[in-house]
Amino acid sequence: MKILVWDIPTRLFHWLFAGAFAAAWLTSDSDSWLNVHVFAGYLMLGLLGFRLFWGFAGGRYARFASFRFSLKEGISYLMQVLAGTARRHIGHNPAGSWAVYLLLTLGLLAGLSGMITLGGQEGQGPLAPWVPYWAGDAFKEVHEALASAMLGVVVLHIAGVALESWRHRENLPRAMVTGLKEGAPDAATPSRRLFSALLLLVAVGAGAAGYFSSAPITGGEHDAGHKISRSIDPRETP
222 MKILVWDIPT RLFHWLFAGA FAAAWLTSDS DSWLNVHVFA GYLMLGLLGF RLFWGFAGGR
282 YARFASFRFS LKEGISYLMQ VLAGTARRHI GHNPAGSWAV YLLLTLGLLA GLSGMITLGG
342 QEGQGPLAPW VPYWAGDAFK EVHEALASAM LGVVVLHIAG VALESWRHRE NLPRAMVTGL
402 KEGAPDAATP SRRLFSALLL LVAVGAGAAG YFSSAPITGG EHDAGHKISR SIDPRETP
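All you need for the working numbering is the position in the sequence shown, starting with 1, plus 221.
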């Protein structure tokens with residue numbers, strides 16, 4: 222029978238985070254789309270904050286305790302997949318759980334390095350008063366490397382979802398839309414605290430939009446004069 226596995230907040234987070242990452246990646250090389258890139262980055266950070274909270278307060282399969290697999294278990298599961306003996310999991314499987322942890326970690330680091338880059342190169346954002354231009358310039362490389370690593374994990378995640386959908390004859394992307402999967406009644410996720418979680422998701426989006434609108438980005442890196450002024454450490458001036 223069909224049972225509820227993925228609660229509404231988990232599904233909303235999943236698709237909003239995927240959309241925010243796609244928007245950030247697609248606008249990463251265009252100065253004219255810097256506003257969208259920065260907004261997507263702030264939205265990702267807000268969503269990550271929510272997911273950390275929901276990992277402890279959410280439904281059965283959203284909680285970190287439900288997919289706390291060791292690296293050894295993750296590798297063992299991948300070997301079972303190759304051998305065709307891996308069993309079906311209602312929630313995250315061991316390999317999928319590591320993809321979740323990697324995406325959360327890389328997303329957080331990419332967002333923070335992006336804020337440093339924005340503060341140093343553009344003189345914008347909450348870190349701007351403390352980040353010199355050279356630091357922003359250096360962290361740009363870190364930011365891009367983290368984003369590329371994140372894209373790699375996303376590609377592997379999508380490949381894993383496609384493989385699991387085929388192996389178990391189960392449409393996993395649709396399950397993340399409807400929240401429903403085949404399972405025993407006692408394996409279902411209770412529908413609880415949804416209203417407060419939805420309010421938190423709305424607050425995250427509103428906060429990102431509010432901060433973004435309060436500090437508009439002019440687009441592109443500094444002009445020559447701004448580069449010079451930001452590249453000089455105030456402590457070095459007489």
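Glycine residues also receive a C-beta, built at the ideal position from the N, C-alpha and C atoms.
As the structure is a computational prediction, the values presented were derived from the model and not from experiment.
Reference residue i, options the options, closest by Cα
i	options	result
T306	F234, R388 and S287	R388
A356	Q345, L372 and T338	T338
F238	A304, M265 and V226	M265
V374	L324, P394 and L348	L324
L247	L372, F288, Q345 and R390	L372
R309	A424, P406, L420 and S386	S386
A418	L329, F274, A359 and A383	F274
G381	H313, A286 and F288	H313
T231	V257, R284, A245 and A304	R284
V321	F288, F277 and W351	F288
I311	L377, A396 and D252	A396
E362	D250, L393, G240 and G279	D250
A278	A304, D228 and M300	D228
G462	P394, V257, H235 and V376	In the structure displayed, the chain extends from 222 to 459; residue 462 sits before or after that span and is not available.
V302	L384, A424 and T399	L384
L377	L233, G317 and L255	G317
Assumed close pair residue i, residue j - CB separation to whole angstroms, cut-off 8 Å
i	j	result
G267	A429	5 Å
V259	T410	Going by Cβ atoms, the distance from V259 to T410 rounds to 35 Å, so no, they are not a contact pair.
H364	G346	Actually they do not touch by this definition, with Cβ atoms about 13 Å apart.
L330	L367	5 Å
Beta-carbon contacts of residue i that lie in its chain and below 6 Å, excluding the five residues immediately before and after
i	result
K223	L401
P315	F290, E294, G295 and Y298
A349	G340
G404	I224 and I311
F360	S334, I337 and T338
Beta carbon of residue i nearer than 8 Å to that of residue j
i	j	result
A370	L333	no
L422	F242	no
A286	A261	no
Residue i Cβ short of 7 Å to the ligand FMN heavy atom set
i	result
M336	Only the bare structure without any ligand can be found here, which leaves the ligand FMN out of the picture.
Sequence-distant residues of its chain with Cβ nearer than 8 Å to residue i (five each side left out)
i	result
G240	none
Residues near residue i in its chain [Cβ-Cβ closer than 7 Å; skip 5 each side]
i	result
L393	V382, E385 and S386
Which parts of the stretch 351 to 413 are runs of the alpha helix (DSSP H), unbroken and 4 residues or longer, counting only runs that do not cross its ends? Within the stretch 351 to 413, complete alpha helix (DSSP H) segments of at least 4 residues are found at 354 to 388 and 393 to 399, given in chain order.
Start-end ranges of the alpha helix (DSSP H) lying completely within the stretch 284 to 357, minimum 4 residues: Counting whole runs of 4 or more residues, the stretch 284 to 357 contains the alpha helix (DSSP H) stretches 292 to 304 and 315 to 338.
Output the residue ranges of the beta strand (DSSP E) runs that lie fully inside the stretch 223 to 290 and measure 3 residues or longer, sorted by chain position. For the stretch 223 to 290, whole beta strand (DSSP E) runs of length 3 or above, ordered along the chain, are 223 to 225.
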